[in-house]
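Number of protein chains: 6
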Amino acid sequence: MSKPVALAVFAHPDDAELACFGTFAALRARGYALSVLSLTDGANSDVEQSYLRPKEARLAAAVLGAELVVEDFEDGSLTAGRVVFDRIEQHIRRVRPSVVLTHYPGPREHQDHQVVGTVATTVAHRAAHVGLVLQGEPPGQADSFTPQLFTDITAHIDLKLKALACYKSEADKGFMHRETVLDRARWWARQAGAVENGVPRYYEAFVVSKALLPVLGV
Amino acid sequence: MSKPVALAVFAHPDDAELACFGTFAALRARGYALSVLSLTDGANSDVEQSYLRPKEARLAAAVLGAELVVEDFEDGSLTAGRVVFDRIEQHIRRVRPSVVLTHYPGPREHQDHQVVGTVATTVAHRAAHVGLVLQGEPPGQADSFTPQLFTDITAHIDLKLKALACYKSEADKGFMHRETVLDRARWWARQAGAVENGVPRYYEAFVVSKALLPVLGV
Amino acid sequence: MSKPVALAVFAHPDDAELACFGTFAALRARGYALSVLSLTDGANSDVEQSYLRPKEARLAAAVLGAELVVEDFEDGSLTAGRVVFDRIEQHIRRVRPSVVLTHYPGPREHQDHQVVGTVATTVAHRAAHVGLVLQGEPPGQADSFTPQLFTDITAHIDLKLKALACYKSEADKGFMHRETVLDRARWWARQAGAVENGVPRYYEAFVVSKALLPVLGV
Amino acid sequence: MSKPVALAVFAHPDDAELACFGTFAALRARGYALSVLSLTDGANSDVEQSYLRPKEARLAAAVLGAELVVEDFEDGSLTAGRVVFDRIEQHIRRVRPSVVLTHYPGPREHQDHQVVGTVATTVAHRAAHVGLVLQGEPPGQADSFTPQLFTDITAHIDLKLKALACYKSEADKGFMHRETVLDRARWWARQAGAVENGVPRYYEAFVVSKALLPVLGV
Amino acid sequence: MSKPVALAVFAHPDDAELACFGTFAALRARGYALSVLSLTDGANSDVEQSYLRPKEARLAAAVLGAELVVEDFEDGSLTAGRVVFDRIEQHIRRVRPSVVLTHYPGPREHQDHQVVGTVATTVAHRAAHVGLVLQGEPPGQADSFTPQLFTDITAHIDLKLKALACYKSEADKGFMHRETVLDRARWWARQAGAVENGVPRYYEAFVVSKALLPVLGV
Amino acid sequence: MSKPVALAVFAHPDDAELACFGTFAALRARGYALSVLSLTDGANSDVEQSYLRPKEARLAAAVLGAELVVEDFEDGSLTAGRVVFDRIEQHIRRVRPSVVLTHYPGPREHQDHQVVGTVATTVAHRAAHVGLVLQGEPPGQADSFTPQLFTDITAHIDLKLKALACYKSEADKGFMHRETVLDRARWWARQAGAVENGVPRYYEAFVVSKALLPVLGV
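Shown next as structure tokens:
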């Protein structure tokens, strides 16, 4: 019998790692196969060696044993038209995920994040086999992001940090720093109401767009 | 080892049955113990024999083997003050649920539904052991209700109908009619994207207020 | 004296029929002339004979004696830029409608529906002669659609079904099925508070974007 | 054959006059009988002779030949409980309106306005004979008020001013001044897109909470 | 010439300290006189020595040299009626603040926080001399709180911690812990886009309800 | 020491003048240097001599001694992609504003206004030196625009009118009329709670997207 699949659909290499690699690790531990779809190669980043990002993404995916597909849309210029819809739909048909994770398409997010978050959410809603559609924390500022679902990633935080550390070309970006990542994860632990008792806990946070109870397995 | 518990907190007898008894049955099938808290006895209903409702509620709870507690707040005059908070908190402390279901407190709902839905949601958020807080479909008109979580209750629809049929004193109310209940459940099946292929399917729908992933058991 | 005009502005052939042909029939019965504008020919549908849709649209429009214009924008790739604005504006100038019906541009709708709904609404607001701007029910899932205006189409449901039946190329799509259409119309009847008394009633539902009271004729 | 009825449900004497007396006059001109329900007598106003307000309300109602009922709830302390619900419901049963006008219950409104607007809207939605439920402009600051429906009251502005002038005890309040009332009415004319051509036009503005198309008479 | 005044209106002793004492210290440094109004004495807290809170509040206010008034409404049972409105209005008339800080009245907040935040905001909006109305961070979970205004309190964080340390009776509550307070202040620094460069920065966050530019002094 | 800078980022010549030239004048009076960025030349306006608009913009900017840059994007066809982001970012890097003013990107605004308002807001949020990001009143209809910040421009209204009068090619547009501009400014004065006492006051209104307290200078 084949494994259930979790699919992360994001705009650039590093987006999935920041938003959901802790949850991804937790899903793998529960028997899920993992797949990451990046719509662009992230080449238009501000950093000098941005051409390295697809390669770094491959290293990061390997940390969790996840499949990685990097599409060739132009970084920074995605539009919510038929071509992007079709491409995302093809992947969803191919891997038949039961869980889809994507961007929270808030009004102040990066233009590509808005496009990918909106399209991936719409497409995933239409697929009857997708039982859970989650939108992850924005990498910069949280703005209107008001999550309902929280994942305890305390047991997986090291893997998340290891995956992020693969992005050497982005080492100078504030949101990639180890301390920033840990601070955020502690904030969401607190928002989730996780009791600390001295030992810090780490969480990821998501807006729930669609959930089917039997898939969730309550 | 003790069973996990699902707790339904609603304003009047019949509210829980309408909003979540299909999901309750599904939870029981997965090993949950069930508890229903009704804040009032429903005595101020428009129907002649409204005094029968607590007794009818007992019959309905028995259909699913659920515990039932009917509090003595006055039907129609609940306020979101300390007394109601404390009472709901006591029940949550007593039964220690991992799942809490309550009213969707929309702006056009019955005044008691707004109070109970708001207070139960707030209290359940604060309890670290509650992993899932859901707000159910309004019994009258859906208004701004925009659910994210859908439960397949096809296998349990008969139990839900049986429980509702216990409310003989309310048999003339439109939203208690068998056909109304089935129509609604089919509508949510369609909204959930459930494929029909000729065989009708039945769903319940909920707004997700809080979800902790390990409790959901993905 | 010329008739008042109702104009439906939608993205693809079949959109207008699904969202508002019952209301359209009701308007015709009250003396309105009807006009349908479809921005694309629907050629990129998933069905085999999608090239037939403009022809089918013509048959459907004929059921109500409505004028039909099918523009040649590419199905699936509409953008909210000057060209689409100008084209919709031209039609509004030409037919001078007092009622405009269009898509509800919700965040999870088909990309073309979002574009057409947004642009048609904006343009119609600016025209002083348009007294009513309505956004109709999404064909797939209702999501955040929260209608305020409900039309009783019980007397016109057969015409709506007849128009939809013209789309033979789409006969396999779930939302085109006779039973789906009737279920939806019954749901909105219930949301509108229509009393049944045994006889089923059928309604269409709309978000009100603009209404001028004298035009509404209260 | 009896006339259709329009009912205004507001918290204090002067609220209905400010929010909807132009529209009320327009409805009378179209054959409606008018009824005003004020839940309190406005006795806790800041002005010296606030005890005069019920009497002034009677004079104002007489300007339009409207029925007036002043209930005896305490000004400033209304709560959305059973007693207020029942009282409003009684009036709606008694006069059987097809149009109900009430407060916009925005988050920064006077506490009584929030209670009356919420309860009257909820009760009016449940009544199948009510075809139009409108929430009127707040008397102080507009805040989040985003109206969809605009009434041309140019022909009735004098009657509205005459009714407001009956409130001599409130002559010093800024929002009762003739110029303030005209300024507001011109603002809504502009928001409604009314073309001026030199001659000023006057409008009232409403949020549409419920509309049934046959009642609107398109 | 008299000093400008900043007034904090909150429900319980400790609420003002948590939400805005850093900003309060910054305002004092810019020449503001400070006043704190607590509507209740916090006696119904879960802690054993809750009767000590008014005394602790006095010590905390003294840290910033702020005036303190503790009203005698019952903790947990505030209602948005005339009495609470009048009491808050009296204080605003008495101290004539140009800045008012209060609770963010979000839907999942403590019932008293909702009441005080709503009433204080409404009253402060009506006072022409109030140039800035801010709603502070909820003490428990942030929920839908989406602030626009951020204050750099790095230079004042020690005073904030010192004031909170006065509440010995609440020393066991998680949100009163020094580390929790610092974590939150670092989170808001990051949300404000404050550059770190190794040195941690501390911020408080507020929803802006009203701002008059000359008062802000741009 | 160099002056602080206020930057207005809008889509077409005349947009900045309508939305914020009163506030701009107030900022200049407080020592700010002013810069206006117009993304297009406004050539696709409905008026005959629309080619004059960049020249008219230069005259208008001169009224306040503001720098003006007119970019060459095509009027009516802006898209929220990388090119527009980069261009706006370049200007923000070049002039290093502490205040940024732009469009309110409401759902019914001109397509270009939505694009520029969204992109300028996002970019300005990311710049640590920007302490205030404001979105100005739409030129046509206010729709969902719910401002929090109000500027008293009574002392500057003549300069605003003088700048608008430079747009001779648009003299026939209703929203450019002197009386319309004054009416709007009086409306916002009233919404701001400005007391009149016979002398009319004039205000501009803004949604606050970001504010840092030390920059605001309270």
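Chains as they are written, first to last, in this note's numbering: chain A, 1 to 218; chain B, 219 to 436; chain C, 437 to 654; chain D, 655 to 872; chain E, 873 to 1090; chain F, 1091 to 1308. From the three backbone atoms N, C-alpha and C, an ideal C-beta is built for every residue, glycine too. In this text, all values refer to a predicted model and were calculated from it rather than measured experimentally.
- For N698/D, the nearest CB of chain E lies under 8 angstroms from its own CB, placing it at the interface with that chain.
- The continuous stretches of beta strand (DSSP E) do not include D293/B, and DSSP gives it neither H nor E.
- DSSP, reduced to helix, strand and coil, places G299/B outside both helices and strands of the structure shown, so it counts as coil.
- Among the CB atoms of chain B, none fall inside 8 angstroms of the CB of R96/A.
- Distance from the Cα of V1209/F is smallest, within the candidate group V1160/F, H1193/F and A1232/F, for H1193/F.
- Counting only runs that start and end inside the segment 444-521 of chain C, the alpha helix (DSSP H) elements of at least 4 residues fall at 451-465 and 489-500.
- As DSSP reads the structure, K1300/F sits in a beta bridge with V1223/F.
- Partner residues in the beta bridge of D588/C, as assigned by DSSP, are Y639/C.
- Nearest neighbour of P1229/F by Cα position, chosen from R562/C, V566/C and G576/C, turns out to be R562/C.
- DSSP, reduced to helix, strand and coil, places A346/B outside both helices and strands of the structure shown, so it counts as coil.
- When the alpha-carbon of D330/B is set against those of F291/B, D304/B and Q366/B, the nearest one is in F291/B.
- Neighbours of A1014/E across chain A, judged by C-beta separation under 7 angstroms: Q191.
- T800/D carries a coil assignment under DSSP once its states are collapsed to helix, strand and coil.
- DSSP, reduced to helix, strand and coil, places H177/A outside both helices and strands of the structure shown, so it counts as coil.
- Using a Cβ-Cβ cut-off of 8 angstroms, R126/A counts as an interface residue toward chain B, since at least one Cβ of chain B sits closer than that to its own.
- In this structure, A905/E places its C-beta atom within 8 angstroms of the C-beta atom of V877/E.
- Contact check for E388/B and W406/B: beta-carbon distance about 22 angstroms, past the 8 angstroms limit, so the pair fails to qualify.
- Close CB contacts of I153/A within its chain, under the 8 angstroms cut and outside five residues either way in sequence, are with G22, T23, A25, A26, K160, A185, Y202, Y203 and E204 (chain order).
- Contact between the segment 8-23 of chain A and the segment 36-55 of chain A is present: 3 or more CB-CB pairs across the two stretches fall below 8 angstroms.
- Excluding five sequence positions before and after A497/C, the CB atoms of its chain that fall closer than 6 angstroms to its own CB belong to V472 and L504, given in chain order.
- Interface residue (Cβ-Cβ distance to chain C less than 8 angstroms): R419/B is not classified as such.
- Counting along the chain, H321/B sits inside the beta strand (DSSP E) bounded by residues V317 to H321.
- In summary, A1119/F is exposed, with fewer than 16 beta-carbon neighbours lying within 10 Å of its beta-carbon over all protein chains present.
- Nearest to L1149/F by alpha-carbon distance, out of A1255/F, G1283/F and L1302/F, is A1255/F.
- Annotation for A192/A: no alpha helix (DSSP H) segment contains it, and DSSP assigns it neither H nor E.
- CA-to-CA, the gap between V770/D and E327/B works out to about 14 angstroms.
- Nearest C-alpha to E179/A among R968/E, K1034/E, N1069/E and L879/E: N1069/E.
- R747/D counts as exposed, since fewer than 16 other beta carbons sit within 10 angstroms of its beta carbon.
- The beta carbon of Q353/B does not come within 8 angstroms of any beta carbon belonging to chain A, so the residue lies off that interface.
- For A952/E, the chain D residues whose Cβ falls inside 7 angstroms of its Cβ are Q765, in order along the chain.
- Neighbours of F957/E across chain D, judged by C-beta separation under 8 angstroms: G730 and Q765.
- Boundaries of the alpha helix (DSSP H) harbouring D376/B: I375 to A383, taken from the DSSP string.
- DSSP, read as helix, strand or coil, puts A185/A in helix.
- For A1096/F, the beta-bridge partners assigned by DSSP are L1124/F and V1189/F.
- CA-CA distance, H783/D to V635/C, rounds to 18 angstroms.
- Note that the C-beta distance between S362/B and G324/B is below 8 angstroms.
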